[in-house]
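Report on the following structure.
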Amino acid sequence: MTTVLMETRSLCRYFGGVQAIHELDLEVRAGLIQSVIGPNGAGKTTLFNVVSGILPPTSGEVFIDSAPISDLAPHRIAARGVTRTFQNLQLFSDMTVLENVMVGMHLNSRGGFIASAFKLPHVWKEEQRIRSVSMDILQFTGLEKHASRVAGSLPFGRQRVLEIARALGAEPRLLMLDEPAAGLNNRETSDLSELIGRIRDRGITILLVEHDMDLVMNISDHVTVIDQGRKIAEGEPDQVRNDEKVLKAYLGEE
Amino acid sequence: MKVLSWLKNPYMGFVLFTLLVLGIPLVVTNQYYLGVLVIIAIHSIIVLGLDLLMGYTGQISLGHASFYGLGAYITGVLSAHWQWPPLAGLAVTLPVVAIIAWLIGMPTLKLHGHYLAMATLGFGIIVFIFFNELGPLTGGPSGLTGIEAMNLFGVTFDTDREWYFLSAIFLLAVLLLSINVVRSRVGRALRAIHGSEVASGVLGVNIARYKVGIFVLSALYAALAGWLYAHYITFISPSSFTFMFSVKLVTMVVIGSLGSLWGAIFGAALLTSMPEFLYVFHNYETLVFGLILIVVMIFMPMGLLRGIEDLIAWSWHTAREVFNPDSSEELS
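Same order as they appear, the protein sequences are chains A and B.
The opening residue of the first sequence carries number 1003 in my numbering; numbering runs sequentially from there.
The opening residue of the second sequence carries number 3 in my numbering; numbering runs sequentially from there.
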């Protein structure tokens, strides 16, 4: 039995009368690739926003390592080892590809205003280290050729990969990927699927929200299906694929 | 093209700029023009800080004239009433302004949106009223006289030539600190906040802390400039620190080029010296000034410095294509 890294208990998030998430219990176990799927508007992105601290929950609680975190600001949750990517890309588009990953390393590096302004020796050394680790990450994700390009000028598929590379800079224990395959072609999607596998092999737990069923079914160890903010099924990919309620949610009644 | 990228290294730029600054007094010997250059250096110090705040971090302050004014008045009052030496005045000025800026920044920068602009606008007006109304201390609307001339470690600075070098040293020091900040973990965090607040948050950047930090730093730059100004002119009055001057400082940043330290200095130099050139237009000075602003904003929305860079790059390309059409492919 593996340990539970992140958990939600009776999590609710309402927008006025809309129940984006309702009484959701979810467990993410360390070392696995877990996916959350569901029709459009099922509450998947809202789930990510609540877990990463961007939105407060209406009620219920999120736990990381059994400690409640829903009162914490996003940067404190990141410090607990949870980071994410965004469905609608949120790259620092005026900065270079390398600088994006270097920002990603913010938590793993030191240096405040005064030390930086006077460029103290340890700041100089730290800068070298940040640069070289970031280059390693670009190599790992296959972006090293584009290191000095401005992020906003990358082709769309590469921008998606850069979002992941930047998040890896934070050395998360849990990486939440919000529809990383959206807008990618078949080749890019299979590269992505291979990359996600390699990230898991590094010991990073992955929580994936995705519409591409082939991708989800191929790489997931565990799948949770939500519809209208409620969990309707969960289990291994094959179990879920044949679940009646899941088919109904996707294809409609009758 | 290699030369260009070499020039783009800010430290190389810093060396060239230092040489330029040292070379100017060989050509300019007129006391009056040296005096204009001193004011340009003082304004540049404020605008560098404002550019770190606006251009890099994306936060707007409409009250930097008041930090400039506080810097001038704190040291001015201590000097005129109690004969404090300038350095002692500076030692009081900087911490006091830092605390005030922190008190304004802390509550407003935690909120989303441009609350800082509102808060600093109000703060600037309040400070201006204080300068006017605290007559016994500040001399009221007619100003504060009797501020001691600059004296550092036994050296007195009297002539404009001496002042040129003194202000240049402070400008170069502030510029170097700013380059260091921009090219560091802190500078990247600031630009990341400008680029996307949500993304920087989930990557662990403490957004409020960095916004407040850069706001305090920019207020300190303004206070330092005010301290220099008070001991340079040795007379200060509230009319130098109005809301209109805050707006002018913002204009210097925007005209120069947001998010470029060189642009900040360029903007400060241009707008400070412009009245000297526009003098020939007599009563139409403001009109011409307004026209220049409009033209720059329409045709070079990224600021003059970047606009000129683009223009040079464009004519370089065009020239290469005209003289050597085959090489056009290599250019990209």
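Even for Gly, the Cβ is constructed at its ideal location relative to N, Cα and C.
Cutoff 7 Å: residue i Cβ touching any chain B Cβ
| i | result |
| --- | --- |
| A:Leu1109 | yes |
| A:Val1052 | no |
| A:Ser1134 | no |
| A:Val1105 | yes |
| A:Arg1086 | yes |
| A:Ala1080 | yes |
| A:Glu1238 | no |
| A:Gly1231 | no |
| A:Phe1017 | no |
| A:Phe1094 | yes |
| A:Met1097 | yes |
Continuous alpha helix (DSSP H) stretch holding residue i: start and end
| i | result |
| --- | --- |
| A:Gly1171 | Phe1158 to Gly1171 |
| A:Phe1115 | Phe1115 to Ala1119 |
| A:Arg1202 | Asn1188 to Asp1203 |
| B:Thr122 | Tyr117 to Glu135 |
| A:Gln1130 | Pro1123 to Thr1143 |
| A:Gln1089 | Segment: none, A:Gln1089 is in no alpha helix (DSSP H) and carries neither H nor E. |
| B:Met276 | Leu263 to Leu280 |
| B:Gly37 | Gln33 to Asp53 |
| A:Ala1080 | Pro1076 to Ala1081 |
| B:Gly25 | Pro12 to Val29 |
Any chain A beta carbon closer than 7 Å to residue i
| i | result |
| --- | --- |
| B:Ala315 | no |
| B:Thr20 | no |
| B:Gly206 | yes |
| B:Ala201 | yes |
| B:Gly197 | yes |
| B:Arg190 | yes |
| B:Arg187 | yes |
| B:Leu64 | no |
| B:Leu179 | yes |
| B:Asn182 | yes |
| B:Phe16 | no |
| B:Gly115 | no |
| B:Gly292 | no |
| B:Glu323 | no |
| B:Arg308 | no |
Own chain partners of residue i with C-beta closer than 7 Å, once the 5 adjacent residues on each side are dropped
| i | result |
| --- | --- |
| A:Phe1050 | Arg1086, Met1178, Asp1180 and Val1211 |
| A:Asn1220 | Ser1195 |
| A:Ala1081 | Leu1109 |
| A:Gly1062 | Thr1010, Arg1011, Ser1012, Leu1013 and Cys1014 |
| A:Leu1164 | Leu1093, Val1099, Asn1102, Leu1145, Ala1153 and Leu1156 |
| B:Gly203 | Ile209 |
| B:Trp264 | Gly15 and Leu307 |
Residues of its chain near residue i, where Cβ-Cβ distance is below 8 Å and the 5 sequence neighbours each way are ignored
| i | result |
| --- | --- |
| B:Val79 | Leu139, Thr140 and Leu146 |
| B:Leu36 | Pro27, Val30, Asp162, Arg163, Trp165 and Tyr166 |
| B:Thr59 | Leu192, Arg193, Ile195, His196, Tyr212, Lys213 and Ile216 |
| B:Val38 | Thr274, Ser275 and Glu278 |
| B:Leu280 | Glu287, Val290 and Phe291 |
| A:Gly1159 | Gly1185, Leu1186, Asn1187 and Glu1190 |
Nonlocal neighbours in the same chain, by C-beta distance under 6 Å from residue i, ignoring five residues either side
| i | result |
| --- | --- |
| B:Thr110 | Tyr117, Leu118 and Ala121 |
| B:Trp229 | Gly73, Thr77, Leu92 and Thr95 |
| B:Ser330 | With a pLDDT of only 47 at B:Ser330, under the threshold of 50, the placement of this residue in the model should not be trusted; the figure read from the coordinates follows. Contacts found: Glu323. |
| A:Leu1057 | Asn1051 |
| B:Leu333 | Interpretation of B:Leu333 is limited by its pLDDT of 44, a score under 50 that renders its predicted location unreliable; no figure is taken from the coordinates. |
| A:Leu1007 | Val1030, Ala1032, Leu1176 and Thr1207 |
Range covered by the beta strand (DSSP E) that runs through residue i
| i | result |
| --- | --- |
| A:Ala1235 | Arg1232 to Gly1237 |
| A:Asp1180 | Leu1176 to Asp1180 |
| B:Ser317 | Segment Leu306 to Phe325 is the alpha helix (DSSP H) holding B:Ser317; no beta strand (DSSP E) there. |
| B:Gln85 | No beta strand (DSSP E) contains B:Gln85, which DSSP labels as neither H nor E. |
| A:Leu1209 | Thr1207 to Val1211 |
| A:Arg1086 | Val1084 to Arg1086 |
Bridge-paired residues (DSSP) for residue i
| i | result |
| --- | --- |
| A:Phe1017 | A:Val1020 |
| A:Ala1069 | A:Ile1066 |
| A:Asp1229 | A:Arg1232 |
| B:Arg211 | Answer is none; B:Arg211 lacks a bridge partner. |
| A:Val1006 | A:Arg1031 |
| B:Asn153 | B:Thr158 |
| A:Thr1098 | A:Val1152 |
| A:His1224 | A:Gln1036 |
| A:Ser1061 | A:Cys1014 |
| B:Ile238 | B:Leu146 |
| A:Leu1026 | A:Leu1013 |
Closer than 7 Å to chain C by CB, residue i
| i | result |
| --- | --- |
| A:Gly1083 | The chain labelled as chain C is not found among the protein chains of the depicted structure, namely A and B. |
Near-chain B residues of the stretch 1115-1126 of chain A (beta-carbon distance less than 8 Å), N- to C-terminal order: Phe1115, Ser1118, Ala1119, Phe1120, Lys1121 and Val1125
Residues of the stretch 1166-1191 of chain A with a CB closer than 8 Å to any CB of chain B: list them in chain order, please. Arg1168, Ala1169, Gly1171 and Ala1172
Closer than 8 Å, Cβ to any Cβ of chain B: which residues of the stretch 1057-1077 of chain A, in chain order? Ala1075, Pro1076 and His1077
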